[in-house]
Amino acid sequence: MIPTLLGIMVVNFAIVQTAPGGPVDVMIARIRGHGAEATARVGGSTGGDVAGGPQAPTTSGEARYRGARGIDPDLIRQLEKQYGFDRPATERFVMMLRNYLRFDFGQSFFRDQRVIDLVIQKLPVSISLGLWTTLLIYLISIPLGVAKAVRDGSAFDVWTSGAVIVGYAIPGFLFAIMLIVLFAGGSFLAWFPLRGLVSDSWATLAWPARIADYFWHVALPVTALVVGGFASLTMLTKNSFLEEIGKQYVVTARAKGLSRRRVLYGHVFRNAMLLVVAGFPAAFVGILFTGALLIEVIFSLDGLGLLGFEAAINRDYPIMFGTLYIYTLIGLVLGLISDLMYAVIDPRIDFARRDH
Numbered sequence: 021m022i023p024t025l026l027g028i029m030v031v032n033f034a035i036v037q038t039a040p041g042g043p044v045d046v047m048i049a050r051i052r053g054h055g056a057e058a059t060a061r062v063g064g065s066t067g068g069d070v071a072g073g074p075q076a077p078t079t080s081g082e083a084r085y086r087g088a089r090g091i092d093p094d095l096i097r098q099l100e101k102q103y104g105f106d107r108p109a110t111e112r113f114v115m116m117l118r119n120y121l122r123f124d125f126g127q128s129f130f131r132d133q134r135v136i137d138l139v140i141q142k143l144p145v146s147i148s149l150g151l152w153t154t155l156l157i158y159l160i161s162i163p164l165g166v167a168k169a170v171r172d173g174s175a176f177d178v179w180t181s182g183a184v185i186v187g188y189a190i191p192g193f194l195f196a197i198m199l200i201v202l203f204a205g206g207s208f209l210a211w212f213p214l215r216g217l218v219s220d221s222w223a224t225l226a227w228p229a230r231i232a233d234y235f236w237h238v239a240l241p242v243t244a245l246v247v248g249g250f251a252s253l254t255m256l257t258k259n260s261f262l263e264e265i266g267k268q269y270v271v272t273a274r275a276k277g278l279s280r281r282r283v284l285y286g287h288v289f290r291n292a293m294l295l296v297v298a299g300f301p302a303a304f305v306g307i308l309f310t311g312a313l314l315i316e317v318i319f320s321l322d323g324l325g326l327l328g329f330e331a332a333i334n335r336d337y338p339i340m341f342g343t344l345y346i347y348t349l350i351g352l353v354l355g356l357i358s359d360l361m362y363a364v365i366d367p368r369i370d371f372a373r374r375d376h
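Start counting at 1 in the sequence shown, then tack on 20, and there's your number in my numbering.
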């Protein structure tokens, strides 16, 4: 986990060094557009909070940044110092890693808040989407996969396979746009809200109304994530059951006179579910890292995905690298839990035992 985390941070930090633009360019544009209002922000934070960003060249300020012509070079040097770009890239990277070990992600360049505070504020939204989506995917995929395995080759299996393929082929963000057009006031119905996880008046509602309001808001985002996510798990469940059904112990159980239901759910189910259940953390990570990011942007859900997207647009590097670090750490920890669940579900697996 440690070298993986380090490698991800190194690669992304190196990419940012070559990316055009940066927080200094953004601030220069604001200064040119807003005058004294933007200039007043210079010197408002220290360079110790920096995470990433292009390495500062040694030429004049006007040659260094696009749009800097006519800007006082002393002001540009103040900006570089404010964002920490007066130091070499290697020094900034080492300082960033040292701070991240203490979960100190520094100060946002443009939000005037600590990054860790922003992450704590936004993380529940992303976790909420991921948990509900993963739960619904499992509740749909496991029964459907078992039914397809039992009726393998039937008309039911063929038609459901077609539906699964269609769901898998449609990207979640495209399905989300279709849901907005159809049900969120796009061109047809306005049954669901377009943005936010709860209504503005949520705090004044009674608890039953709060719960209803919450599910009313998450209905479309979760639906968009579920449609594109249940296909692979359904086929995995079906194939796992088909493999177990053909094994000798199933034939023996049937020969002893056990009912089909007893054989299926008393013997086959536990062995077939090993890969499916143990993969729950990995499935949650996949949902959290991929589709949920775009869904948050499309539905304006104030989670880590939208926070990271806005940070990338504004070149707010502390937020970009802070959310990347959090996402990577969550993914690695849940991957470890996924591996350990194999031993919990199947006592025959023992990581400590080795055959010599």
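Every residue gets a Cβ at the ideal spot worked out from N, C-alpha and C, and that includes glycine.
Per DSSP, cross-strand counterpart(s) of residue i
{"i": "Q127", "result": "R134"}
{"i": "A39", "result": "DSSP lists no partner for A39."}
{"i": "A183", "result": "Its beta-bridge partners do not exist; DSSP assigns none."}
{"i": "A210", "result": "A204"}
Rounded straight-line distance, which links the Cα of residue j to that of residue i
{"i": "L313", "j": "G150", "result": "10 Å"}
{"i": "T153", "j": "G192", "result": "12 Å"}
{"i": "M255", "j": "L356", "result": "24 Å"}
{"i": "L121", "j": "R131", "result": "23 Å"}
{"i": "V201", "j": "F195", "result": "10 Å"}
{"i": "I205", "j": "L284", "result": "Sequence check: residue 205 is Gly here, not Ile. Answer to the nearest angstrom: the Cα atoms are 46 Å apart."}
{"i": "W211", "j": "H237", "result": "10 Å"}
{"i": "G249", "j": "F176", "result": "20 Å"}
{"i": "V218", "j": "T243", "result": "17 Å"}
{"i": "L262", "j": "L164", "result": "13 Å"}
{"i": "E264", "j": "I346", "result": "39 Å"}
{"i": "I169", "j": "L159", "result": "Note that residue 169 is Ala in the sequence shown here, rather than Ile. Distance between the alpha carbons of A169 and L159 is about 16 Å."}
{"i": "R281", "j": "A273", "result": "11 Å"}
{"i": "F33", "j": "I136", "result": "19 Å"}
{"i": "V353", "j": "S207", "result": "43 Å"}
{"i": "V364", "j": "K276", "result": "29 Å"}
{"i": "I147", "j": "L278", "result": "43 Å"}
{"i": "Q141", "j": "F129", "result": "17 Å"}
{"i": "P228", "j": "W222", "result": "11 Å"}
{"i": "G286", "j": "D172", "result": "20 Å"}
{"i": "V114", "j": "V36", "result": "15 Å"}
{"i": "R112", "j": "N119", "result": "11 Å"}
{"i": "F203", "j": "W179", "result": "26 Å"}
{"i": "R230", "j": "S174", "result": "45 Å"}
{"i": "A167", "j": "S260", "result": "12 Å"}
{"i": "A303", "j": "G351", "result": "10 Å"}
{"i": "L138", "j": "A189", "result": "35 Å"}
{"i": "R107", "j": "E316", "result": "35 Å"}
{"i": "T343", "j": "V31", "result": "15 Å"}
{"i": "L209", "j": "R335", "result": "37 Å"}
{"i": "A109", "j": "S181", "result": "52 Å"}
{"i": "P23", "j": "F235", "result": "40 Å"}
Nearest to residue i (by Cα), restricted to the options the options
{"i": "L240", "options": "G216, D220, E263", "result": "G216"}
{"i": "L155", "options": "T38, Y362, V297, Y347", "result": "V297"}
{"i": "I162", "options": "K258, T24, I315", "result": "K258"}
{"i": "L318", "options": "Y347, P144, M198, Y188", "result": "According to the sequence displayed, residue 318 carries Ile and not Leu. Minimum Cα distance to I318 is reached at M198."}
{"i": "L380", "options": "D172, Q133, Y347, M361", "result": "Beyond the ends of the chain as shown, which are 21 and 376, falls residue 380; an answer cannot be given."}
{"i": "L21", "options": "A363, F129, D359", "result": "The sequence given here places Met at residue 21; Leu does not occur at that position. Among A363, F129, D359, the Cα nearest to that of M21 is on D359."}
{"i": "A331", "options": "E111, R112, Q133, T110", "result": "Q133"}
{"i": "N291", "options": "F300, G277, K267", "result": "K267"}
{"i": "L214", "options": "L321, F113, L352, A167", "result": "L321"}
{"i": "G187", "options": "I157, L209, D172, R112", "result": "I157"}
{"i": "I333", "options": "P23, A39, V31", "result": "A39"}
{"i": "F300", "options": "I190, V145, L253", "result": "L253"}
{"i": "V145", "options": "G323, R335, T343", "result": "G323"}
{"i": "I307", "options": "T343, V247, G182", "result": "V247"}
Expected contact under 8 Å - CB spacing of residue i and residue j to nearest Å
{"i": "V270", "j": "V288", "result": "6 Å"}
{"i": "T340", "j": "G325", "result": "Thr is not the amino acid found at residue 340; the sequence shown has Met there. Between G325 and M340 the Cβ distance is about 12 Å, and since that is not below 8 Å, they are no contact."}
{"i": "A251", "j": "V305", "result": "The Cβ separation is near 18 Å, so there is no contact."}
{"i": "L117", "j": "M29", "result": "7 Å"}
{"i": "L245", "j": "D233", "result": "L245 to D233, Cβ: 20 Å. No contact."}
{"i": "L349", "j": "L26", "result": "So it is not a contact: roughly 12 Å between Cβ atoms."}
is_contact[residue i, chain E] using C-beta, thresh 9 Å
{"i": "M115", "result": "Looking for chain E here will not work: only one protein chain is present."}
Next item on the list: May I ask you to verify whether the stretch 124 to 140 touches the stretch 337 to 354, counting CB pairs closer than 8 Å and requiring at least 3?
Entry: They touch, by the three-pair rule.
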